[in-house]
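Just so you know, the sequences run in chain order A and B. As numbered in the UniProt record's numbering, residues 1 to 223 make up the first sequence, in order. As numbered in the UniProt record's numbering, residues 1 to 223 make up the second sequence, in order. Notes follow once the structure below has been shown.
There are 2 protein chains.
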Amino acid sequence: MPPELNLRISPRTVQQETVGKLRLAILSGLFEPGSRLIESQLCAQLGVSRPSLREALRSLEAERLIEIVPNRGPSIPALSWSEATAIYEVRELLEVEAAGRCATRIPTEQLHELEKSLAAFEEAASSNDSLAQVMTAADFYSIILANCGNPILEEVHRGLVARISFFRGRSMSLEGRAQSSLSEMREIYESIAAGDEKAARKASKRHLLKAKAAAKMSMNSES
Amino acid sequence: MPPELNLRISPRTVQQETVGKLRLAILSGLFEPGSRLIESQLCAQLGVSRPSLREALRSLEAERLIEIVPNRGPSIPALSWSEATAIYEVRELLEVEAAGRCATRIPTEQLHELEKSLAAFEEAASSNDSLAQVMTAADFYSIILANCGNPILEEVHRGLVARISFFRGRSMSLEGRAQSSLSEMREIYESIAAGDEKAARKASKRHLLKAKAAAKMSMNSES
DNA sequence: CAACCTATATTGTCTGACATTCTTGCAATC
DNA sequence: GATTGCAAGAATGTCAGACAATATAGGTTG
Chain A
1 MPPELNLRIS PRTVQQETVG KLRLAILSGL FEPGSRLIES QLCAQLGVSR
51 PSLREALRSL EAERLIEIVP NRGPSIPALS WSEATAIYEV RELLEVEAAG
101 RCATRIPTEQ LHELEKSLAA FEEAASSNDS LAQVMTAADF YSIILANCGN
151 PILEEVHRGL VARISFFRGR SMSLEGRAQS SLSEMREIYE SIAAGDEKAA
201 RKASKRHLLK AKAAAKMSMN SES
Chain B
1 MPPELNLRIS PRTVQQETVG KLRLAILSGL FEPGSRLIES QLCAQLGVSR
51 PSLREALRSL EAERLIEIVP NRGPSIPALS WSEATAIYEV RELLEVEAAG
101 RCATRIPTEQ LHELEKSLAA FEEAASSNDS LAQVMTAADF YSIILANCGN
151 PILEEVHRGL VARISFFRGR SMSLEGRAQS SLSEMREIYE SIAAGDEKAA
201 RKASKRHLLK AKAAAKMSMN SES
């Protein structure tokens, strides 16, 4: 048996389960930005003890999905626009690079997956379910990132995208944004399918600038 | 009082203290890569209870400074060269961008700080203290990152650099590497001081490629 | 020497407790 | 009426102790 093949089965611990559920809840927008999370409530809702919950919260804090202020406890960060801008900028740096690399190296079978995820987004885009839109769009990116040949790029990107999920959900709800997003993503897909690195970078960059602009609009229109 | 000015005083909690001490210990190379950390031992050494320690370990796990396998506990990750390469690549992406931005926007007083940190590295480079070399070099980068105008770029970069501290320590010990590093860093400094964005990017990229090569050499020469 | 088994070490998780700190509502004061 | 001060309640930070489940090491047996 090859030693580098890690077959260790990982039993899901309570802690991991808790992190998973909380992360999903946060990304789904279940908690209002700025709202506080009460340990005792979460313990009751999740059915775990306080130590396990607190470990989970520390993990999420390190991921920057929540903030923990000493003696005040955990809360959902309320991202300012300048912070969101900074995240969008770094995301652009990473995602453009990933799209470019992906164009020259994605295997055909993964390209099919990418096509499928694009179709899934198309389906979601014609509905009004903005959560489904965000989720399917995230699938699309994650296939690109998974095939850029650099797992760290993927990991960092995932972390950043998670932190702006709130904005992404809001901007997808804008009139026409989903459709426009769809055509931009199709451009990215076609550049990658054609193996055209430069075009993939360009398309990716264009998409991100528009996404950022949409996020900003959605922010101004409400706050 | 302007609301964005956060005056909240943050009492250092046991958990934060513990994370800080452990992080420092890891970055200093106190633990062998691959070695396991025993909770009971760490509790005794740090003088904290097991719940507090475990919270700290979860934070470090999320930072990727340690790994925690269910039922086996925490250990120091043994980075493979391919993982290290991936980190160096993303680091290059970020650091080159930061150096470029820094060149056009660093305030003069921060430029002086940068100069001072370069001098500190020069001092360390002529010694044989490779830990001091790594630390002063890290100061140099962190000033650049702190003045690139994007705090997220800074944050992500810091996280990545922390993960390869082991390699950086090793490669600094290579014959002549510190001196060569010094001249590369001086180039970066001078490009930034001249406000030449393109030159800063080039110098930064050159420096990183050499650092990566040195890390690879130091790895091959031992394992 | 290999396989098995047992004892020990270690982790995962919970309960319960208590001091400290924050929040909130109300009373007192200006 | 607004502000200050205070007290009760709520929430967090931290610890001690316990126990089951799992992993590791060492010895035994074939």
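We put the CB at the ideal spot given by N, CA and C, even for glycine.
Using a beta-carbon distance below 8 angstroms, is residue i in contact with chain A?
{"i": "R58(B)", "result": "yes"}
{"i": "A197(B)", "result": "Just to set this straight, residue 197(B) is Glu in the shown sequence, not Ala. With 8 angstroms as the cut-off, E197(B) does not count as an interface residue toward chain A."}
{"i": "A62(B)", "result": "yes"}
{"i": "L5(B)", "result": "Low confidence applies to L5(B): its pLDDT is 46, below 50, so where it sits in the model is not reliable, and the reading given next is rough at best. Output row for L5(B): interface = no."}
{"i": "P51(B)", "result": "yes"}
{"i": "T13(B)", "result": "yes"}
When you compare the CB of residue i with every CB in chain B, is at least one pair closer than 8 angstroms?
{"i": "S10(A)", "result": "yes"}
{"i": "R54(A)", "result": "yes"}
{"i": "N150(A)", "result": "yes"}
{"i": "V156(A)", "result": "yes"}
{"i": "P33(A)", "result": "no"}
{"i": "R206(A)", "result": "no"}
{"i": "P2(A)", "result": "Reliability fails at P2(A), whose pLDDT of 41 lies under 50, so the model's placement of it is uncertain and the value that follows must be treated cautiously. Output row for P2(A): interface = no."}
{"i": "L153(A)", "result": "yes"}
{"i": "A213(A)", "result": "no"}
Between the options, which has its C-alpha nearest residue i's C-alpha?
{"i": "A99(B)", "options": "S75(B), E175(B) and A193(B)", "result": "A193(B)"}
{"i": "Q110(B)", "options": "S218(B), E97(B) and Y189(B)", "result": "Y189(B)"}
{"i": "E63(B)", "options": "E155(B), A138(B) and A200(B)", "result": "E155(B)"}
{"i": "K116(B)", "options": "A211(B), I144(B) and L57(B)", "result": "I144(B)"}
{"i": "A215(B)", "options": "Y141(B), S191(B), P151(B) and I87(B)", "result": "I87(B)"}
{"i": "K198(B)", "options": "V96(B), T13(B), N147(B) and S180(B)", "result": "V96(B)"}
{"i": "N150(A)", "options": "S80(B), V90(B) and F31(B)", "result": "V90(B)"}
{"i": "E122(B)", "options": "K205(B), R12(B), P33(B) and S180(B)", "result": "S180(B)"}
{"i": "L182(B)", "options": "A146(B), A125(B) and L60(B)", "result": "A125(B)"}
{"i": "T104(A)", "options": "M219(A), R206(A) and A200(A)", "result": "A200(A)"}
{"i": "Q16(A)", "options": "E55(A), P107(A) and C43(A)", "result": "E55(A)"}
{"i": "K205(B)", "options": "P77(B), T85(B) and E92(B)", "result": "E92(B)"}
{"i": "R36(A)", "options": "A146(A), R72(A) and E175(A)", "result": "R72(A)"}
{"i": "A132(A)", "options": "G169(A), I106(A), H112(A) and S142(A)", "result": "G169(A)"}
For residue i versus residue j, is the C-beta spacing smaller than 8 angstroms?
{"i": "L153(A)", "j": "L94(A)", "result": "yes"}
{"i": "E67(B)", "j": "P74(B)", "result": "yes"}
{"i": "S173(A)", "j": "S130(A)", "result": "yes"}
{"i": "residue 235(B)", "j": "R177(B)", "result": "Outside the modelled stretch of chain B, which goes from 1 to 223, sits residue 235(B), for which no answer is possible."}
{"i": "E184(A)", "j": "K212(A)", "result": "no"}
{"i": "S49(B)", "j": "T18(B)", "result": "no"}
{"i": "F140(A)", "j": "L114(A)", "result": "yes"}
{"i": "I26(B)", "j": "L57(B)", "result": "no"}
{"i": "P70(A)", "j": "S10(B)", "result": "yes"}
{"i": "T108(B)", "j": "A120(B)", "result": "no"}
{"i": "C148(A)", "j": "C102(A)", "result": "yes"}
{"i": "L60(A)", "j": "L22(A)", "result": "yes"}
Indicate, with yes or no, if the ligand COA has a heavy atom lying under 7 angstroms from the CB of residue i.
{"i": "I144(B)", "result": "Of the ligands one can find in the structure shown there are none, so the ligand COA has no counterpart to examine."}
Next item on the list: Write down every uninterrupted run of the beta strand (DSSP E) in the UniProt domain "HTH gntR-type" (12-79) of chain B whose length is 3 residues or greater and which is fully enclosed by it, in chain order.
Entry: The DSSP assignment places 67-69 and 73-75 as complete runs of the beta strand (DSSP E) inside the UniProt domain "HTH gntR-type" (12-79) of chain B, in order along the chain (cut-off: 3 residues).
Next item on the list: Return the residues of the segment 86-116 of chain A that lie within a Cβ-Cβ distance of less than 8 angstroms from chain B, sorted by chain order.
Entry: Listed by position along the chain: A86, I87, E89, V90, L93, L94 and E97.
Note to self: To be precise: take each residue of the segment 63-77 of chain B, compare its Cβ to all Cβ atoms of chain A, and keep it if any distance is under 8 angstroms. Which residues remain?
What the structure shows: E63, V69, P70 and N71
Next item on the list: Scan the segment 124-210 of chain B and note each continuous alpha helix (DSSP H) run of 4 residues or more that stays entirely inside, going in chain order.
Entry: 130-146, 151-163, 165-172 and 177-193
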